[in-house]
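Report on one structure; see the data block that follows.
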Amino acid sequence: MNALRKQASNLGEQAVRVTDAVRALANFYAAQLLSCSNQIPTSYSNVRMIHAHMIASGFRPQSHILNRLMDLYCKSSNLVYARQLFDEIAKPDIVARTTFITAYSASGNLKLAREIFNSTPLNTRDTVCYNAMITGCAHNDDGNAAIELFRDMKRNNFQPDNYTYTSMLSGLSLIAEHELHCQQLHSEIVKSGTGFVTSVVNSLISLYVRCASSPFVTPSLLMDAAQKLFDEMPHKDELSWTTIITGYIRNDDLHGASQVFDGRIEEARLVFTKMPEKNHVTWSVMISGFAQNGSGEEGLKLFNQMKSTECQPCDYSLAGAIKSCAAIASLNHGRQLHAQLIQSGFELSLSASNSLITMYARCGVLQDSQSVFLTMPCLDSVSWNAMIAAFGQHGHGARAVELFEEMLKEDIVPDRITFLTILSACSHSGLVDQEPGNSTKRKT
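Here the sequence shown stands for residues 0 to 443, numbered as in this note's numbering.
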């Protein structure tokens, strides 16, 4: 009996030692795989070597190590090895399934991703699994599928989170054509309490911006909604700035883009500096932003910096530089830029000509402002506003009123700036016309 007890005790001790050894080996492999996951990019050779060592040692990994191994194979673009492991598992857990949904989606194979998702039992799915599939559809330009998955998720009582809404918004932005599409999801996001999460708000702004390009909407209304969201954000990141600015640019509203920087020029400078690629538009918007915030010297420095790059000035960037001259009343620089404008073939540019009117007026040369205005082939409300303001700045209130009346006869609809400008002109001059001899009639 004692011998049997001793033998049993020895077997128990051996079992403990074996268990400890297996646990130690599992910890070792887990640490090795964790080290691989911290490498960017993931090294396929290292992952393969660790896997080969497992096989040679006879180690049979549990699900958490298998999942990490499959994830690393996927991240190193070796889906074949990863799938072999997956197919050997009798009942893959939700982590393994989600890994493959993400990997197949990232590789553009939405069909296989959907097969994995559809084969996942409903009682096994979770929010992360749905998020992976919704994101996959959105990133592969299948907005309708992303929306249907979102609805299916809610029907099955899964709770959407920040990532769900971010992915859902990306999907909806692919197909949204009406303001109602934006408003419905906006309302749901507010109710969910995720309306202050930066990533969610960025995606919502992007939705409004993309929908503003639809022929079925009034772009200004959607851009106003996007701007309101941007202004109310408690924390803005680089993507926030880029998204709203891009929205204005897509809708050919460079003035609106530069207005985004109003009073926030240092934040704008930081975003601009971090941009990996800068084009004519981003340079132009930034230069104009400095000018509108009274930092004319900074605007001119940036313009000169632009000229030293491969991105040569266009009419919009020249307009921004001219605005910078106006901000610091630098007539010499302004005349040089006017000459450059003509040499570059941009003398008919509407935005640049509008800037010239303001620049000459602020530099005290009203006659040159009039000359630019009278020779412009076409005018917009900004042109009229600039010339009205020029007369007002020089004390010619009656001329400003006369020009305003001519503007109405030309069927140009005045805006808020027009009325503020005409009121300011009248206030400065008391409606005393000091030079009745000059005409403001345009050449035809």
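Just so it is clear, CB atoms sit at the ideal spot from N, CA and C, and this is done for glycine as well.
Residue 130 has its alpha-carbon roughly 18 Å from the corresponding atom of residue 192. Judged by beta-carbon spacing, residue 289 lies beyond the 8 Å limit of residue 329, meaning their Cβ atoms are not closer than that value. Spatial neighbours of residue 212 in its own chain (CB-CB distance under 8 Å, excluding positions within 5 residues in sequence) are listed in chain order as 218, 249, 250.
Secondary structure at residue 83: helix, using DSSP grouped into helix, strand and coil.
The beta-carbon distance between residue 170 and residue 224, rounded to whole angstroms, is 19 Å. This is too long to meet the 8 Å contact definition.
Short of 6 Å from the beta carbon of residue 291, and not among the five residues preceding or following it, lie these beta carbons of its own chain, in chain order: 257. Our two residues, residue 216 and residue 75, have alpha carbons roughly 44 Å apart in a direct line. Taking a cut-off of 8 Å for Cβ pairs, the segment 93-110 and the segment 63-79 touch, as three or more such pairs fall below it.
Annotation: residue 362 to residue 178 spans about 44 Å, alpha carbon to alpha carbon.
If you draw a straight line from the Cα of residue 375 to the Cα of residue 352, it comes to about 7 Å. Judged by DSSP secondary structure, residue 138 falls within the alpha helix (DSSP H) whose first and last residues are 126-138. Residue 32 and residue 68 do touch by the CB rule: their CB atoms are close to 6 Å apart, below 8 Å. When the beta-carbon positions are compared, residue 298 and residue 319 come within less than 8 Å of each other. Taking 8 Å as the cut-off, the Cβ atoms of residue 222 and residue 255 count as close.
As the crow flies, the alpha-carbon of residue 86 is around 12 Å from that of residue 78. Burial is judged here by how many other beta carbons sit within 10 angstroms of a residue's own beta carbon; residue 377 has fewer than 16 and is exposed. Residue 364 and residue 414 have their C-alpha atoms roughly 26 Å apart. DSSP, reduced to helix, strand and coil, places residue 217 outside both helices and strands of the structure shown, so it counts as coil. Contiguous alpha helix (DSSP H) elements confined to the segment 343-427 occur at 349-361, 365-374, 380-392, 396-408, taking only those with 4 or more residues.
Taking all protein chains shown into account, residue 418 has fewer than 16 neighbouring C-beta atoms within 10 Å of its C-beta and is therefore exposed. Under the three-state reduction of DSSP output, residue 295 falls in the helix class. Going by beta carbons, residue 285 and residue 321 fall outside the 8 Å limit. Looking at 56, 27, 45, the one whose alpha-carbon comes closest to that of residue 64 is 27. Residue 47 carries a helical assignment under DSSP once its states are collapsed to helix, strand and coil.
Rounded to the nearest angstrom, the gap between the Cα atoms of residue 424 and residue 379 is 19 Å. In terms of Cα proximity to residue 314, the closest of 300, 335, 347, 327 is 347. Spanning the alpha carbons of residue 48 and residue 55 requires a straight line of approximately 10 Å. Sequence-distant Cβ neighbours of residue 392 in its own chain, meaning closer than 6 Å and more than five residues away, are 360. Pairing residue 333 with residue 325, the inter-Cα distance amounts to about 8 Å. In chain order, 356, 368, 372, 402 place their CB closer than 7 Å to the CB of residue 386, counting only its own chain and leaving out the 5 sequence neighbours on each side. One alpha carbon belongs to residue 305, the other to residue 282, and they sit about 7 Å apart.
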